[in-house]
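Notes for the one structure printed next.
Residue numbers (the working numbering): 829 to 1308.
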């Protein structure tokens, strides 16, 4: 196996790059507090830094096929998609300034988040239409858009999707809008064009809300950032709002951003664990899983802290979890779309049993880039699976590290079920429109209970690993 390096103490001024062989298995708390807590300072396994693009959506480069991740293997594959310091997030602070008339798109989006709470649906849409009429024809907007890089196109997609969501919403006190809806042209035409160029559904999603729409106080737009910058949740702010300046909305954004920011170590260490399984490196596997658990511990700590800060009424007003009715995709922000959750499910071979959970994953993965899906399918299908390897190895340290991960993963989902249920009670989640508010809550609780059970089952080492059912496999985009 090639020589690996790690960045030790990546949140501190004392950070340094050292050979993996010199790394201590102890993970100390960071010296500084973030939102009042001291996170564990999880070392970062240094990736090969061959990330194809700084694009969040891992755009396919012109003329290049999607890589064969099975052939590349876990570590080379994750190195092509993620970065050492920021994982699947950008390596620089996103920039939401655009040339020519496109600059007005971001300005209008910032204004709309304040205007929507000042009007009823008719008044807001009248204000919206009046401002959209000031844009030049679509031909001129497209001409400017065609001069943008892939990363700039992705950035432009964010305010366009927020504007479309605000137009569709009309008034946050209304029931969620159902059925087709398009904001006035030329912005609708511009959104359709940019989404086609980027290769995604032009609707609200967790990827847009969490991974593409963020900035950091104290860091300039476009500035390279370190892992220490990324986890500074007290500096994280949102460039666009659905209810301008609302603290509960900011806490919602931060609670999901914390998952990907503190989850960064998972990608390198998870891939390394699979490499260790292939070579039967039990000490290396135990170390990797110890680091995976430490990263999950940080995610657990901060989501548990932030979710109770989200006002349930305000959450329902944002309408960010209302997603599809039949085949009409309205847009939905769901954890099923986050790389961190996809990686954990694939790494620990979590098989979904509940029909509603399987359907939710299938619908949500329509928003997830094909590169990601193929990578996570490779992780899920990798042989030997972590569970099989741990069960056959009979190594006490390796087994303890594996079970520690599974137990905390189950606890994380139990926490999500309890706290998330309190927030969504009276609303809905995962994108479905159920019969009534009580039905929404009951379905959420039932599905999360099933997810907890499916996750816990991966800790029973006496039960052999089995593949997903054909329906569940298909919900990952895998034909069986």
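From the three backbone atoms N, C-alpha and C, an ideal C-beta is built for every residue, glycine too.
Start-to-end residues for the alpha helix (DSSP H) that takes in residue i
i            : result
residue 1167 : 1167-1175
residue 898  : 897-900
residue 1183 : 1183-1192
residue 991  : 978-997
residue 1142 : 1140-1146
residue 882  : Per DSSP, residue 882 belongs to no alpha helix (DSSP H) and is neither H nor E.
residue 935  : 931-943
residue 1114 : 1110-1134
residue 954  : 949-960
residue 1209 : 1198-1209
residue 1298 : 1298-1302
Status (buried if at least 16 other CB within 10 Å, exposed otherwise) for residue i
i            : result
residue 1155 : Only weak support is given to the placement of residue 1155: the predicted model assigns it a pLDDT of 46, under 50, and the value that follows is read from those uncertain coordinates. Residue 1155 should be labelled exposed.
residue 914  : buried
residue 1183 : exposed
residue 838  : buried
residue 1021 : buried
residue 1077 : buried
residue 1038 : buried
residue 1291 : exposed
residue 1125 : buried
residue 780  : This structure gives no information on residue 780, because the portion of the chain shown stretches from 829 to 1308.
residue 844  : exposed
residue 1288 : exposed
residue 954  : exposed
residue 1213 : buried
residue 1259 : Residue confidence for residue 1259 is low, a pLDDT of 45 falling below 50, so the modelled location carries little weight; the figure read from the coordinates is stated next. Answer is buried; the Cβ neighbour count reaches 16.
residue 1210 : buried
residue 1294 : exposed
residue 1173 : buried
residue 853  : exposed
residue 925  : exposed
residue 1220 : exposed
residue 975  : exposed
residue 1177 : buried
residue 1282 : buried
residue 1118 : buried
residue 958  : exposed
Alpha-carbon to alpha-carbon, residue j and residue i
i            : j            : result
residue 1256 : residue 1269 : Since pLDDT at residue 1256 reaches only 44, below the 50 mark, its modelled position is unreliable, and the value read off the structure follows with that caveat. Each residue's Cα considered, the two are about 7 Å apart.
residue 1300 : residue 967  : 44 Å
residue 1262 : residue 1249 : Because the pLDDT of residue 1262 is 41, which lies under 50, any placement of that residue in the model is unreliable, and the number read from its coordinates should be weighed accordingly. Each residue's Cα considered, the two are about 15 Å apart.
residue 963  : residue 842  : 50 Å
residue 1208 : residue 1296 : 10 Å
residue 836  : residue 991  : 42 Å
residue 942  : residue 1073 : 8 Å
residue 894  : residue 1305 : 15 Å
residue 1217 : residue 1103 : 11 Å
residue 1079 : residue 1127 : 14 Å
residue 1099 : residue 1187 : 28 Å
residue 874  : residue 868  : 18 Å
residue 934  : residue 985  : 10 Å
residue 1069 : residue 1170 : 27 Å
residue 993  : residue 931  : 19 Å
residue 1146 : residue 948  : 15 Å
residue 1135 : residue 950  : 33 Å
residue 997  : residue 1003 : 8 Å
Endpoints, beta strand (DSSP E) assigned at residue i
i            : result
residue 844  : 844-847
residue 1164 : Where residue 1164 is concerned, there is no enclosing beta strand (DSSP E), given that its DSSP letter is neither H nor E.
residue 835  : 833-836
For residue i, the three-state DSSP class (helix, strand or coil)
i            : result
residue 1094 : helix
residue 1011 : coil
residue 1180 : coil
residue 915  : strand
residue 1060 : coil
residue 1101 : helix
residue 975  : coil
residue 875  : coil
residue 862  : strand
residue 1214 : helix
residue 920  : strand
residue 905  : helix
residue 851  : coil
residue 1070 : coil
Heavy atom of the ligand ATP within 7 Å of residue i beta-carbon
i            : result
residue 1097 : Among the ligands in the structure shown, none appear at all, so the ligand ATP cannot be discussed.
is_contact[residue i, chain B] using C-beta, thresh 8 Å
i           : result
residue 840 : Reference to chain B is not applicable here, since this structure consists of a single protein chain.
The segment 1022-1031 contacting the segment 1194-1204, beta-carbon criterion three pairs below 8 Å: yes
For the segment 1043-1051 and the segment 903-914, state whether three or more C-beta atom pairs, one from each stretch, are separated by less than 8 Å. no
Any 3 or more C-beta pairs closer than 8 Å across the segment 1046-1058 and the segment 1010-1018: no
Counting pairs of beta carbons, one from the segment 1087-1095 and one from the segment 1105-1117, are three or more of them closer than 8 Å? Verdict: no, contact absent.
Across the segment 977-986 and the segment 894-907, are there enough close Cβ pairs to call them in contact, namely three or more that are closer than 8 Å? no
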